[in-house]
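Numbering (the numbering used here), first residue to last: 83 to 385.
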């Protein structure tokens with residue numbers, strides 16, 4: 083079984099193509115031979131890619147960002163208990179329902195909800211998620227702390243985490259430093275959530291990104307923390323990225339059983355990412371198979 087745990091979809095192809103160029107990847111330094119998929123990230127694009135590249139399932143990771151990407155008001159670390167953008171609540175609900183509708187229509191696409199404490203209270207997101215997990219087939223949560231200007235331990239996310247624990251569903255965090263140094267997705271803060279909630283399955287995306295050197299110590303301290311290999315393996319050899327040998331060493335130090343494959347489609351495809359993993363020096367065939375599908379199948383309870 084081959085499973086992509088990190089895929090994005092766009093209802094509007096123009097938005098997908100815009101995002102491919104609007105967010106330049108700078109944290110690893112320059113690398114001239116990175117190959118991008120160049121797709122718009124539509125449902126049709128995803129299904130065709132999964133079929134062509136031999137993938138059985140993909141987790142569709144949502145994200146609900148605010149216009150102009152505002153910070154919490156008054157220079158605060160956390161969003162206030164009364165969300166200042168509650169007028170967008172219906173839009174967030176509709177977006178999550180769209181994700182679940184896509185999953186219902188195409189069972190190989192597994193919907194991971196979005197949350198935003200600038201829009202919903204903790205109690206509201208708990209009730210919404212309970213419905214989405216109970217009646218609409220949601221399979222997890224994706225949080226991009228940089229994009230939603232939210233620290234992983236924001237009190238407004240408590241209800242989301244409660245609902246995930248009750249459903250036995252994981253949360254995927256974008257992991258890594260941001261160019262302005264706010265630390266929204268600092269791997270240490272993500273690991274702290276895993277430490278505070280040992281019953282919550284926490285996946286740190288990108289193997290910590292440009293903070294990959296911190297990952298081994300965090301994994302040792304938080305044994306429930308998991309990692310995906312999205313994006314970072316495409317940047318192997320860049321000035322601030324690990325070498326292929328370092329990736330293998332880090333995966334083994336963390337524990338192969340705690341690592342899953344993610345593509346970050348439509349930036350990259352799952353097949354291209356899997357090919358890199360399979361060619362990592364010294365990684366055994368059984369280790370590659372675990373990363374490319376077996377570990378995620380256990381986590382997501384897929385046959």
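In this text, a Cβ means the ideal position worked out from N, Cα and C, and glycines have one as well.
**Prompt:** Does the beta-carbon distance from residue 128 to residue 89 come in below 8 angstroms?
**Reply:** Locating residue 128 in the chain shown gives position 46, counting from the first residue. Locating residue 89 in the chain shown gives position 7, counting from the first residue. It is a contact, given that the beta carbons lie within the stated cut-off.
**As assigned by DSSP and simplified to three states, the class of residue 30** = As displayed, the chain neither begins before 83 nor continues past 385, which places residue 30 out of reach and without an answer.
**Request:** Give a yes or no on whether the C-beta atoms belonging to residue 116 and residue 316 are separated by under 8 angstroms.
**Result:** Counting from one through the chain shown, the residue named residue 116 turns up at place 34. Counting from one through the chain shown, the residue named residue 316 turns up at place 234. The answer is yes: Cβ separation under 8 angstroms.
**Request:** Evaluate contact between the stretch 148-162 and the stretch 241-261, counting only Cβ atoms and requiring at least three cross-stretch pairs below 8 angstroms.
**Result:** no
**Request:** Would you check if there are 3 or more beta carbon pairs closer than 8 angstroms linking the stretch 172-190 to the stretch 141-153?
**Result:** yes
**Prompt:** CB-CB under 8 angstroms to residue 280, same chain, minus the five flanking residues each way: which ones, in chain order?
**Reply:** As a working note, residue 280 is residue 198 in the chain shown. The answer, listed in chain order, is 306.
**Message:** Just to confirm the assignment: which complete alpha helix (DSSP H) runs, minimum length 4, are found wholly within the stretch 314-367?
**Reply:** 326-336 and 352-360
**Asked** What does DSSP give as the partner residues of residue 373 in its beta bridges?
**Response** Residue numbering aside, residue 373 sits at position 291 when the chain shown is read from its first letter. Residue 373 is not bridged to any residue.
**Contact under 8 angstroms by Cβ, residue 98 with residue 352** = Translated into positions along the chain shown, residue 98 becomes position 16. Translated into positions along the chain shown, residue 352 becomes position 270. No. Outside cutoff.
**Request:** Return the CA-CA distance between residue 231 and residue 293, expressed in angstroms with no decimal places.
**Result:** One-based indexing of the chain shown puts residue 231 at position 149. One-based indexing of the chain shown puts residue 293 at position 211. The straight-line gap from Cα to Cα measures roughly 19 angstroms.
**Prompt:** Can you give the Cα-Cα distance for residue 331 and residue 266, rounded to whole angstroms?
**Reply:** The sequence position of residue 331 within the chain shown is 249, counting from 1. The sequence position of residue 266 within the chain shown is 184, counting from 1. So the two alpha carbons sit approximately 27 angstroms from each other.
**Prompt:** Looking at C-alpha atoms only, which residue of 380, 291, 235 and 282 is the closest neighbour of residue 260?
**Reply:** Here residue 260 refers to the residue found at position 178 when the chain shown is read from its first residue. It is 291 whose Cα lies nearest to the Cα of residue 260.
**Asked** Do you know offhand how far residue 211's Cα is from residue 364's?
**Response** Taking the chain shown and counting its residues from 1, one reaches residue 211 at position 129. Taking the chain shown and counting its residues from 1, one reaches residue 364 at position 282. Cα to Cα, the separation comes out at about 42 angstroms.
**Prompt:** Any idea if residue 131 is buried or exposed, counting beta-carbon neighbours within 10 angstroms, 16 or more meaning buried?
**Reply:** Against the chain shown, residue 131 aligns to sequence position 49. Label assigned to residue 131: buried.
**Message:** Applying the 10 Å Cβ sphere with the 16-neighbour rule, what's the burial state of residue 295?
**Reply:** Sequence index remark: in the chain shown, residue 295 carries index 213 (1-based). Result: exposed.
**Prompt:** From which residue to which residue does the alpha helix (DSSP H) around residue 177 run?
**Reply:** As a first step, residue 177 must be located in the chain shown, where it is residue number 95. Residues 171-187.
**Request:** Would you kindly work out how many angstroms separate the C-alpha atoms of residue 234 and residue 272, rounded to a whole number?
**Result:** The residue you call residue 234 lines up with position 152 of the chain shown. The residue you call residue 272 lines up with position 190 of the chain shown. If you take the alpha carbons of residue 234 and residue 272, they lie about 6 angstroms apart.
**Item:** Coarse secondary structure for residue 113, derived from DSSP in three states
**Value:** If you number the chain shown from 1, residue 113 lands on position 31. If DSSP states are grouped into helix, strand and coil, residue 113 belongs with coil.
**Prompt:** Near residue 340, which residues of its chain fall below 8 angstroms by C-beta distance, leaving aside the five closest residues on each side in sequence?
**Reply:** Taking the first residue of the chain shown as position 1, residue 340 is located at position 258. Cβ neighbours of residue 340 beyond the five flanking positions: 301, 307, 308, 309 and 377.
**Request:** Out of 140, 138, 137 and 167, point me to the one whose CA is closest to residue 151's CA.
**Result:** Here residue 151 corresponds to residue number 69 of the chain shown, with the count starting at 1. The option with the nearest alpha carbon to residue 151 is 167.
**Prompt:** Would DSSP call residue 310 helix, strand or coil?
**Reply:** On the chain shown, position 228 is the one that residue 310 refers to. In the structure shown, residue 310 sits in a strand (DSSP, three-state: E or B).
**Message:** Could you tell me the alpha carbon to alpha carbon distance between residue 203 and residue 368, rounded to whole angstroms?
**Reply:** In the chain shown, residue 203 corresponds to position 121, counting from 1. In the chain shown, residue 368 corresponds to position 286, counting from 1. Their backbone Cα atoms lie some 44 angstroms apart in a straight line.
**Prompt:** In terms of residue numbering, what span does the alpha helix (DSSP H) encompassing residue 123 cover?
**Reply:** To locate residue 123, count along the chain shown from 1; it is residue 41. It is not in any alpha helix (DSSP H) - residue 123 carries neither H nor E in the DSSP assignment.
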